[in-house]
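K.L.:
Pasting in a structure now, in structure tokens, and then I'll have a few things to ask.
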Amino acid sequence: MMPDVRWYDDSRRTTDVLREHVAAVWDVEPATVTTGHLCARCGASAHGRPWARLSTGDDVPVSASHAGGHLVTAVGGHGAIGIDIEVITDVDRAFDPSLVLADDEYADTPAERAALWCGKEAVLKATGRGLDAPMTGVRLADWDVRTLPAPQGMWASLAVVDPLRPGGAGAAAPGPATA
């Protein structure tokens, strides 16, 4: 199943939106979906990677991102997913090539910088490593990263880690193991 992506106003709680989104995709009542966060680094539930579980005990791959007054959520069927959205001018202003680019990558325009940033952050979310891992260690060519339609002035990327493909990366070359 291709992940289902939906956009919302950023004023809503991520866990509430994910509960409703999972329920709609899986055709169940929202009350039968449990959602939360779990930080891989410190174990806290107040922040970290979002998760969702059906009342059957089945985990549902989910991801979320906030930027520019928007919240975007993704709900998948199998394999891990990661989504990221960014305001292009914000990325351009903060972009440091030494912290983002792998050896064979370049980004000359604000849109190229946003594409690399969003793609890499989506991969790091999908693998469960988050921004604790260096972006320079992620080559987008090794991953299944898709550019999504986004509001004017924003960039959005979705990474899909397919557990059925060699290496789990979902692309021609294997990427890091999923967490």
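Quick note on UniProt numbering: the sequence shown kicks off at 1 and runs consecutively. Think of the CB as a built atom: it goes at the ideal place given N, C-alpha and C, for glycine as much as any other residue. Because the structure is a prediction, the values reported are computed rather than measured.
Looking only at its own chain, which residues have a Cβ that is under 6 Å from the Cβ of P176, when we skip the five neighbours before and after it?
P.N.:
For this step, residue 176 is matched to residue 176 along the sequence shown. With a pLDDT of only 28 at P176, under 50, the local geometry of the prediction cannot be trusted, and the value read off the model is given with reservation. Cβ neighbours of P176 beyond the five flanking positions: T127.
K.L.:
Give the single residue among A150, G130, G153 and L124 whose Cα lies nearest to the Cα of D144.
P.N.:
If you number the sequence shown from 1, residue 144 lands on position 144. Considering only alpha carbons, the answer is L124.
K.L.:
So which of T136, V25 and M154 has the shortest CA-CA distance to A74?
P.N.:
Your numbering for residue 74 matches position 74 in the sequence shown. Nearest option by C-alpha distance: V25.
K.L.:
Give the secondary structure of D58 by DSSP, where H, G and I count as helix, E and B as strand, and everything else as coil.
P.N.:
Taking the first residue of the sequence shown as position 1, residue 58 is located at position 58. In this structure, D58 counts as coil in the three-state DSSP scheme.
K.L.:
Specify the secondary structure class of T73 as computed by DSSP and reduced to three states.
P.N.:
If you number the sequence shown from 1, residue 73 lands on position 73. In the structure shown, T73 sits in a strand (DSSP, three-state: E or B).
K.L.:
Which residue's Cα is closest to the Cα of residue 180: S98, I88, L140 and D58?
P.N.:
Outside the shown range of the chain (1 to 179) lies residue 180, about which nothing can therefore be said.
K.L.:
Take G77 as the anchor and find which of A150, H21 and T136 has the nearest alpha-carbon.
P.N.:
Counting from 1 along the sequence shown, the entry for residue 77 is found at position 77. Considering only alpha carbons, the answer is H21.
K.L.:
Within 10 angstroms of the Cβ of C42, are there 16 or more other Cβ atoms? Answer buried if so, exposed if not.
P.N.:
In the sequence shown, residue 42 corresponds to position 42, counting from 1. Exposed, since its Cβ has fewer than 16 Cβ neighbours within 10 Å.
K.L.:
In chain order, what residues of the same chain lie with their CB nearer than 8 Å to the CB of T15, ignoring the 5 residues before and after it?
P.N.:
Residue numbering aside, residue 15 sits at position 15 when the sequence shown is read from its first letter. Cβ within range, chain order: T35, G36, H37 and P50.
K.L.:
From the DSSP output, read off the bridge partner residues of M135.
P.N.:
Residue mapping note: residue 135 aligns to position 135 of the sequence shown, counting from 1. In DSSP, M135 forms no bridge with anything.
K.L.:
Identify whether E112 lies in helix, strand or coil by the three-state DSSP scheme.
P.N.:
Against the sequence shown, residue 112 aligns to sequence position 112. Reduced to three states, the DSSP call for E112 is helix.
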